[in-house]
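Reviewing the structure listed below.
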Amino acid sequence: MTIILNSKQIQHKIRRIAYQIYEANLGETEFILAGIEKNGYIFAEKLYQELTSVCSIRIKLCKVSVNKKNPLDEVKTSLSVDQYTNLSVVLVDDVLNSGSTLIYGIKHFLNVPLKDFKTAVLVNRNHKKYPVKADFKGISLSTSLQEHVSVSFDNEPVVFLE
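So in the UniProt record's numbering, spot 67 of the sequence shown is number 67, and the numbers just go up one at a time.
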């Protein structure tokens with residue numbers, strides 16, 4: 001196991017991404033941070049905490065449930081569609097691997113008229129199967145297909161390579 005980011009480095013990345021999201025939404029009165037369950041939502045909560053300390057824009061947190069074993073299942077959100085219609089949405093996940101989880105999350109939001117749509121990830125890997133990109137990213141890694149990037153948000157958050 002190789003540590004890629006320690007707790008302090010993760011916090012620095014969260015702060016930087018939060019400022020980038022804030023700058024991208026400067027003209028807005030409200031926007032949505034939609035985190036993909038489980039770690040993506042935890043990452044979205046951490047971004048939310050940082051954002052609420054630096055900006056006065058109203059931010060709503062939304063949990064997005066994508067069945068990673070069967071991504072064609074219906075994607076569910078903790079907010080109703082009318083709560084994010086015509087607003088800016090930032091879809092958040094912890095790691096962008098093949099892009100499948102993010103693309104199915106994006107597909108859900110394509111059925112809704114939005115003002116703007118962006119994606120944010122803590123770790124961007126360069127092994128995508130789908131044409132999806134991260135607008136905001138903490139770190140980009142070129143790893144082999146055999147290596148696995150994991151994020152733990154437990155007591156001492158860490159990003160590691162297995």
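Glycine is no exception: its CB is placed at the ideal position from the N, C-alpha and C atoms.
Quick caveat, the model's predicted, so the values are computed rather than measured.
(request) Taking 7 Å as the cut-off, decide whether the C-beta atoms of GLU37 and ILE14 are in contact. (result) Taking the first residue of the sequence shown as 1, we reach residue 37 at position 37. Taking the first residue of the sequence shown as 1, we reach residue 14 at position 14. Result no, Cβ atoms of GLU37 and ILE14 do not sit closer than 7 Å.
(message) With three or more C-beta pairs closer than 8 Å as the rule, is the segment 134-154 touching the segment 107-116?
(response) no
(request) Name the one or two DSSP bridge partners that ILE139 has. (result) As a working mapping, residue 139 is identified with position 139 in the sequence shown. ILE139 is bridged to VAL123.
(request) Measure the alpha-carbon distance for LYS63 versus ALA34 and round it to whole angstroms. (result) The sequence position of residue 63 within the sequence shown is 63, counting from 1. The sequence position of residue 34 within the sequence shown is 34, counting from 1. About 6 Å.
(message) Strictly by DSSP, which residues pair up with ARG58?
(response) The residue you call residue 58 lines up with position 58 of the sequence shown. Answer by DSSP bridge pairing, in chain order: GLU30.
(request) Counting only the same chain and skipping the five closest in sequence on each side, list residues whose C-beta sits under 6 Å from that of ALA134. (result) The sequence position of residue 134 within the sequence shown is 134, counting from 1. Here the set comprises LEU96, THR119, VAL121 and ASN124.
(message) Going by beta-carbon coordinates alone, are PHE31 and SER88 separated by less than 7 Å?
(response) Locating residue 31 in the sequence shown gives position 31, counting from the first residue. Locating residue 88 in the sequence shown gives position 88, counting from the first residue. Result yes, Cβ atoms of PHE31 and SER88 sit closer than 7 Å.
(request) Going by CA-CA distance only, name the one from LEU110, GLN9 and LYS69 that's closest to SER100. (result) In the sequence shown, the residue the question calls residue 100 occupies position 100. Taking only the C-alpha atoms, the option nearest SER100 is LYS69.
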